[in-house]
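Count along the sequence shown from 1, add 5, and you get the number used in the numbering used here.
Notes follow the structure.
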Amino acid sequence: MHTTTLTTSSTRRWSAFAVLLVGAFLPPLDFFIVNVALPSIQSTLHTSAAELQLVISGYAAAYAVFLITGGRLGDLFGRRRIFLIGIAGFGLTSVICGLASSPAMLILGRVAQGLSAAAMAPQGLASIHALFPEKERARALGLYGAAVGLAAVAAQALGGALISADIFHLEWRVIFLINLPVVIAVLIFGLPLLPDVRGDSPAPVDRIGVLLCALTLGLLIVPLIEGRELGWPWWACAMLIACPVAGVGFWRYEMAYARRGGVPLISVELIRRPGLMSGLTGVLFFYVVSAFFLTFSVYLQAALEMSPLETGLVFLPFGVGAFIGPLTTPMAIRLFGDRVPAIGMMFEVAGCALLAALVAGAPGQMPAHLPLIGAVGLLGFGQGWALPTLVRSIINRAPASGSGMIAGITNSALQISAALGVAVIGGVFFSVAGTSPDPLTLARALVVAMICVGGSLIVAAVLSIVASRSSMRRS
6 MHTTTLTTSS TRRWSAFAVL LVGAFLPPLD FFIVNVALPS IQSTLHTSAA ELQLVISGYA
66 AAYAVFLITG GRLGDLFGRR RIFLIGIAGF GLTSVICGLA SSPAMLILGR VAQGLSAAAM
126 APQGLASIHA LFPEKERARA LGLYGAAVGL AAVAAQALGG ALISADIFHL EWRVIFLINL
186 PVVIAVLIFG LPLLPDVRGD SPAPVDRIGV LLCALTLGLL IVPLIEGREL GWPWWACAML
246 IACPVAGVGF WRYEMAYARR GGVPLISVEL IRRPGLMSGL TGVLFFYVVS AFFLTFSVYL
306 QAALEMSPLE TGLVFLPFGV GAFIGPLTTP MAIRLFGDRV PAIGMMFEVA GCALLAALVA
366 GAPGQMPAHL PLIGAVGLLG FGQGWALPTL VRSIINRAPA SGSGMIAGIT NSALQISAAL
426 GVAVIGGVFF SVAGTSPDPL TLARALVVAM ICVGGSLIVA AVLSIVASRS SMRRS
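Following this line, the structure appears as structure tokens:
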């Protein structure tokens, strides 16, 4: 089946999209929800600090490395099939994680869970072109952005609530096992609803390209995630040095493969479309906002001695803003056009600045509630404007037949950006906090981290404007 818009009823389109949104929501939810469960996991499985880090990074690395491959597989074999395989695998691996009896079993389950997430996550974004006519795509992308944005916030609150409730005395295991009924419901309702959409020109999988791409991303993601926690050992530095070498080799292979008539994993011609590289580079600077969740969560728990549940509640204004923001983007697009992503990022910069001012004004103390709600809400609202519109601007520059590829690249760029944010800005935060942090040093570290996040968002906003102008000049 080709990727032109399907002639289905509006109700059926939105029902199918609701199913696909579950695949967009679950991967980031399961990435963030583990953070609040780490103390419980450590006490039950007697894990070391390095093993705890692998519980998080094993999932993140597998997810980020294979997202592009997951998007391409949807183009080739049908997005319905790959989505259902991915979500079934996600349910199975969630059970493995939930029943883990050793650190090794949990880590392996998390890696497999990340691989499954990489198969299902790109299919919803890639299917928007096929499911919706032009007039409905902005709303669909807004809901997609809201789902991804809300996942991080929901993870903080839901994880704390589930562990505190200790359902059936499962402790931390419930955060994984709760995925199973969700997956079963999606499989039951998704089978009849989801259309079988694929690229226009199915071709054999570029196997060597997959391996070279995985190698390149692995050489970048693994040391970024593991390096700081382990004190930047020699192998982490060596991997980072080898990454650009592997990247050049991958790019040259893709160009040679295309010249031989093959369909590469990443189309060189597609990437060279006007504004696409600027847009994707903007994504790399944009999603470092993930460092906000890490650094602010550490500050609330370590400096203000809040519980995981209380910490999750502080993040709720972000979720409210991230929900309201995408609902207002159609109006914003009518008013501001291609400048909406940049304006949304400026809202986030304002939120970072306000939060930094509040913490600097009362270090080690709980800021006044209304200004704090305003700062966190601004961050969420700006994210709600910027994320779906930035993604839309990138997807719209690709032909329908390459939407799966670009969806995978965009999702991968978001995950790489999140890893960069946590590694670089998180590293700055912990360096400023020092080896024996107290409330005052933690407050200083959070202020510096918010300045770094705000600076990255300004760069992303500039790049989004450059991308839109590049497209206009070539159109």
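Positions of the beta carbon are idealized from the N, C-alpha and C atoms, including for glycine.
A quick note: this is a predicted structure, and the numbers were derived from the prediction, not measured.
Beta-carbon spacing of residue i, residue j below 9 Å
i                 : j             : result
leucine 299       : glutamate 315 : no
leucine 81        : valine 273    : no
alanine 151       : valine 41     : no
valine 27         : alanine 67    : no
alanine 391       : alanine 347   : yes
cysteine 457      : alanine 296   : yes
threonine 286     : valine 345    : no
glycine 232       : alanine 241   : yes
valine 381        : glycine 326   : yes
valine 429        : leucine 245   : no
isoleucine 400    : alanine 69    : no
arginine 402      : glycine 284   : yes
alanine 162       : leucine 318   : yes
threonine 415     : leucine 270   : no
phenylalanine 95  : leucine 196   : no
arginine 507      : glycine 413   : Examination of residue 507 is not possible in this model, given that the chain is present from 6 through 480 alone.
phenylalanine 71  : leucine 104   : no
alanine 423       : valine 293    : yes
phenylalanine 137 : arginine 18   : yes
glycine 379       : glycine 349   : no
proline 444       : leucine 309   : yes
phenylalanine 435 : leucine 360   : no
proline 279       : arginine 144  : no
leucine 50        : isoleucine 61 : no
serine 99         : glycine 83    : no
glycine 214       : glutamate 259 : yes
Buried or exposed (CB count within 10 angstroms, at least 16 for buried), residue i
i                 : result
phenylalanine 173 : exposed
isoleucine 193    : exposed
proline 238       : exposed
methionine 410    : buried
threonine 221     : buried
alanine 367       : exposed
aspartate 35      : buried
arginine 277      : exposed
serine 480        : Only weak support is given to the placement of serine 480: the predicted model assigns it a pLDDT of 48, under 50, and the value that follows is read from those uncertain coordinates. Exposed: under 16 other Cβ atoms inside 10 Å.
leucine 225       : buried
histidine 134     : buried
threonine 440     : exposed
phenylalanine 352 : buried
glutamine 128     : buried
isoleucine 38     : buried
asparagine 396    : The sequence shown places valine at residue 396, rather than the asparagine named in the question. Valine 396 comes out buried.
Where residue i sits in the DSSP three-state scheme
i                 : result
threonine 52      : coil
aspartate 343     : helix
valine 433        : helix
tryptophan 237    : coil
valine 191        : helix
arginine 17       : helix
alanine 105       : coil
alanine 373       : coil
arginine 142      : helix
leucine 419       : helix
leucine 175       : coil
isoleucine 378    : helix
arginine 278      : coil
isoleucine 230    : helix
proline 269       : coil
leucine 25        : helix
methionine 311    : coil
aspartate 35      : helix
valine 396        : helix
asparagine 184    : helix
threonine 12      : Residue confidence is low: threonine 12 scores 49 on pLDDT, short of 50, so the model does not pin down where it sits. Its coordinate-derived value is still stated next. Looking at threonine 12 - three-state DSSP - the assignment turns out to be coil, as it is neither helix nor strand.
arginine 402      : coil
glycine 83        : coil
methionine 6      : Reliability fails at methionine 6, whose pLDDT of 39 lies under 50, so the model's placement of it is uncertain and the value that follows must be treated cautiously. Note: methionine 6 maps to coil in three-state DSSP.
threonine 300     : helix
alanine 263       : helix
phenylalanine 328 : helix
serine 480        : Legend: pLDDT at serine 480 = 48, less than 50; position of this residue unreliable, no value from coordinates given.
serine 461        : helix
leucine 155       : helix
glycine 387       : helix
serine 99         : helix
phenylalanine 137 : coil
Any chain C beta carbon closer than 9 Å to residue i
i              : result
isoleucine 276 : The chain inventory of the structure shown lacks chain C, comprising one protein chain alone.
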